[in-house]
Amino acid sequence: MTEKKHEIDLLIENLEHLLNKGNAHVSLDKALENIKFELLEKKPKNVPYSLWQLAEHIRLAQWDILEFSRNPKHVSPKWPEGYWPKETKPSSEKEWNTCLRKIKSDRQEFVDLLTKAQDEIYKPFEHGDGQSLLKESLVLADHNAYHAGEIIIIRRLLNDWGK
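The numbers in the numbering used here rise by one with no breaks, and the one at position 47 of the sequence shown is 51.
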């Protein structure tokens, strides 16, 4: 294995770990794990959104990053309304479980893009304004980590964390 190939593999492995595991904080998957369905619509005092709205926002933003990264013709939703659900709760447990499943599957598809791209992760997209797969992976990891922290805080306020 060449030195450059080894470096790219190591970078991609670290990005995958960052996206999936959380590193210095709780992972997004762990933050979303075992939330009681009846708590999804609750908004603690002075918190502008529910757990459902946060999870669905994460799903929508992650999907947008994935599509932007793999499809030059992708048109992003209008900000902010295209990224935040108005409803404070999912219509059903099935919709909730679909949201969780899509968060995981879209994230895996993004990791697959990284793996296939190899040293092309540095190359700016022909569309956009300078973004690359590397930059988008860091944006995705940062966004998910930020909201994972919010989910944990809301769960703490709802007495649904650390029991």
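A virtual CB, placed ideally from N, CA and C, is assigned to each residue, including glycine.
Problem set entry | Pairwise C-alpha distance: Leu104 and Phe41 | Inter-residue distance for Phe41 and Leu104 is about 13 Å (C-alpha atoms, whole angstroms).
Exercise. Between the segment 32–41 and the segment 134–147, do at least 3 Cβ pairs fall closer than 8 Å?
Worked result: Two segments are said to touch when three or more pairs of C-beta atoms, one from each, lie closer than 8 Å; by this definition the segment 32–41 does not touch the segment 134–147.
Problem set entry | Any 3 or more C-beta pairs closer than 8 Å across the segment 44–59 and the segment 84–95 | yes
For this session: Report yes or no: do the segment 114–126 and the segment 141–150 share at least 3 C-beta pairs separated by less than 8 Å?
Result: Of all C-beta pairs linking the segment 114–126 to the segment 141–150, three or more are shorter than 8 Å, placing the two stretches in contact.
Exercise. Grouping DSSP H, G and I as helix and E and B as strand, with all else coil, what is Ser96?
Worked result: coil
Problem set entry | Euclidean distance between Cα positions of Asn148 and Leu32 | 7 Å
Problem set entry | Opening and closing residue of the alpha helix (DSSP H) in which Phe72 lies | Leu55 to Arg74
Exercise. So which of Lys46, Asn18, Ile12 and Leu19 has the shortest CA-CA distance to Asn163?
Worked result: Lys46
Exercise. Can the beta-carbon of His63 be found closer than 8 Å to that of Lys106?
Worked result: The sequence given here places Arg at residue 63; His does not occur at that position. Yes, they are a contact pair.
For this session: Within 10 angstroms of the Cβ of Ala65, are there 16 or more other Cβ atoms? Answer buried if so, exposed if not.
Result: buried
Exercise. Candidates Val51, Lys108 and Leu43: which alpha carbon is nearest Glu97's?
Worked result: Relative to Glu97, the option among Val51, Lys108 and Leu43 whose CA is nearest is Leu43.
Exercise. With respect to the alpha helix (DSSP H) encompassing Asp133, which residues constitute its N-terminal and C-terminal limits?
Worked result: No alpha helix (DSSP H) holds Asp133; DSSP gives it neither H nor E.
For this session: Using 10 angstroms around the beta-carbon of Leu14, count the other beta-carbons present and answer buried if the total reaches 16, otherwise exposed.
Result: exposed
Problem set entry | When Tyr150, Val79 and Pro128 are compared against His61, the one with the closest alpha-carbon | Tyr150
Exercise. Which two residues bound the contiguous alpha helix (DSSP H) that contains Asp33?
Worked result: Leu32 to Leu36
For this session: Report yes if the C-beta distance between His131 and Pro76 is below 8 Å; otherwise report no.
Result: yes
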